[in-house]
Amino acid sequence: MFWIVLSMVVILLLAGVVTAYVAFPRRGHGVPGAPWVGDVLERGVEALPTLARQREDSGVR
């Protein structure tokens, strides 16, 4: 039972982070009451590899 509750809490936290990113920083707005959250999310997204970045690195158009 403990592992089910723990996994549900982790899932809800992850869903909250994704929702906060999509609702605010992705659209160019700051997160109300916690602007540092938007900064952390932006840095995390910039660190992840994307298809466009991979194409630029490989020289393929």
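If you use my numbering, the sequence shown closes out at 66, no skipped numbers anywhere. Just so you know, even glycine gets a beta-carbon here, dropped at the ideal spot from N, CA and C.
Handout entry: Candidates ALA57, VAL36, ALA52, of which the one nearest ALA25 by Cα
Key = Here the closest residue by C-alpha is VAL36.
Practice task
Have a look at ILE16 and VAL22 and give me their C-alpha separation to the nearest angstrom.
Solution key: 10 Å
Practice task
Indicate whether GLY49 and PHE29 have their beta-carbon atoms separated by less than 8 Å.
Solution key: no
Exercise for the section: Return the first residue and the last residue of the alpha helix (DSSP H) that GLY68 is part of. Expected result: For residue 68 there is no data in the structure shown, the boundaries of the chain being 6 and 66.
Exercise for the section: Would you kindly work out how many angstroms separate the C-alpha atoms of VAL45 and GLU51, rounded to a whole number? Expected result: Counting only the Cα atoms, GLU51 lies some 10 Å from VAL45.
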